[in-house]
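The structure appears right after this line, and notes come after that.
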Amino acid sequence: MHPATIRALYRRLKAANPRPQSELEYSSPFELLVAVMLSAHTTDKSVNAATRRLFPLANTPQALLALGVEGVKPYLKSVGLYNAKSENLIGLCRRLVEHHGGQVPRDRAALEALPGVGRKTASIILNIVFGEHEIAVDTHIFRVANRTGLAPGRTPLAVERGLVARTPAEFKHDAHHWLLLHGRYVCTARAPACPSCLIADLCEYPDKTAGTPSGKASRGTSDERRRPRSRSRRAVAG
Ligand code: SF4
Numbered sequence: 000m001h002p003a004t005i006r007a008l009y010r011r012l013k014a015a016n017p018r019p020q021s022e023l024e025y026s027s028p029f030e031l032l033v034a035v036m037l038s039a040h041t042t043d044k045s046v047n048a049a050t051r052r053l054f055p056l057a058n059t060p061q062a063l064l065a066l067g068v069e070g071v072k073p074y075l076k077s078v079g080l081y082n083a084k085s086e087n088l089i090g091l092c093r094r095l096v097e098h099h100g101g102q103v104p105r106d107r108a109a110l111e112a113l114p115g116v117g118r119k120t121a122s123i124i125l126n127i128v129f130g131e132h133e134i135a136v137d138t139h140i141f142r143v144a145n146r147t148g149l150a151p152g153r154t155p156l157a158v159e160r161g162l163v164a165r166t167p168a169e170f171k172h173d174a175h176h177w178l179l180l181h182g183r184y185v186c187t188a189r190a191p192a193c194p195s196c197l198i199a200d201l202c203e204y205p206d207k208t209a210g211t212p213s214g215k216a217s218r219g220t221s222d223e224r225r226r227p228r229s230r231s232r233r234a235v236a237g
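Each residue of the sequence shown is one higher than the one before, counting from 0 in numbering that gives the first Met the number 0.
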């Protein structure tokens, strides 16, 4: 994709949603770290259902550590793989307390050394909490980057590198959320809403969906109509 087209694409996403935010609910860097870690292979909705009950009871590494694995399990039952995630959550808290003074570290290696935290989660934390120009690639972003031609790649890491290299600096902070929301609500896996997509004329996907005889997309609607409002309780730094 030509650099001028990339710039136009981001401009449109920004105009439609100037301040994109996570749909995960959190009120501190630690809560965000826990929520993102829990969100692997499950929906933000199920994570929010769990953390709405858990965080009022315990929202620091020390408090969760005191609950222990068996103590947090009942709160995580709405989350997929909750047995393993309960173990990881307590292991993560223990490591934060023992190695980082109970704080979320601003360091990729330190983040990825936490139980249950991989490259994607570390990138999200570095981006949202610390304002670094990281672009975490999940399944939605991987799909959008490949379909549009924005940053084609066979692996998430290849796509991430392409996005970081091609995304103009002014859009890097919010690129993750724009592309994620676009993939989640418009450029969906099975039925992308191409006829109502705000970047359709810029997108290089050869198999765009056609409109129905009424002129509307067979499924899906535009960003503006379908994107739910962010429910983050407050944005942290960055
Ligand atoms: S035009 Fe279709 S394939 Fe391209 S980004 Fe929009 S929804 Fe996705």
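In this text, a Cβ means the ideal position worked out from N, Cα and C, and glycines have one as well.
- Inter-segment contact for the stretch 200-209 and the stretch 36-52 is absent: fewer than three beta-carbon pairs are separated by less than 8 Å.
- Taking 7 Å as the cut-off, the C-beta of Pro191 counts as close to a heavy atom of the ligand SF4.
- Inclusion of Gly79 and Thr41 in the CB contact set at 8 Å is warranted, their separation being smaller than that value.
- Taken atom to atom, the span from the alpha-carbon of Ala190 to that of Ala34 is near 28 Å.
- Fully contained in the stretch 35-87 are the following alpha helix (DSSP H) runs of length 4 or more, in chain order: 43-53, 60-71.
- Counting the other CB atoms within 10 Å of its CB gives Thr120 a total of 16 or more, which places it among the buried residues.
- With contacts defined by Cβ atoms closer than 8 Å, Val143 and Ile124 do not form a contacting pair.
- DSSP places Arg165 inside the alpha helix (DSSP H), whose first and last residues are 155-165.
- The Cβ atoms of Phe29 and Asn47 lie no closer than 8 Å to each other.
- In this structure, Pro114 lies near Arg94, with their beta-carbon atoms less than 8 Å apart.
- Here the alpha carbon of Ile140 sits roughly 29 Å from the alpha carbon of Ile89.
- Here Gly161 is buried: its Cβ has 16 or more other Cβ atoms, across all protein chains shown, within 10 Å.
- A contact between stretches requires three or more CB pairs, one per stretch, nearer than 8 Å, and the stretch 1-8 fails this requirement with the stretch 64-73.
- Distance from the CA atom of Ala188 to the CA atom of His181, rounded to whole angstroms, is 11 Å.
- Contact check for Leu8 against Leu179 fails: the beta carbons are separated by 8 Å or more.
- For the options Leu149, Arg153, Ala168, Tyr184, the alpha carbon positioned closest to that of Met0 is the one of Leu149.
- Exposed is the label assigned to Lys76, since fewer than 16 other Cβ atoms lie within 10 Å of its Cβ.
- Contact check for Asp173 and Pro60: beta-carbon distance about 29 Å, past the 8 Å limit, so the pair fails to qualify.
- Inter-residue distance for Arg165 and Ala65 is about 45 Å (C-alpha atoms, whole angstroms).
- The alpha carbon of Ser21 has as its nearest neighbour, out of Lys44, Arg107, Arg11, the alpha carbon of Lys44.
- Nearest to Ala157 by alpha-carbon distance, out of Glu169, Ile134, Ala168, is Ile134.
- Taking C-beta separations shorter than 6 Å and ignoring five residues to either side along the sequence, the partners of Gly152 in its chain run Val158, Gly161, following chain order.
- Ser195 and Ser38 have their alpha carbons spaced roughly 29 Å apart.
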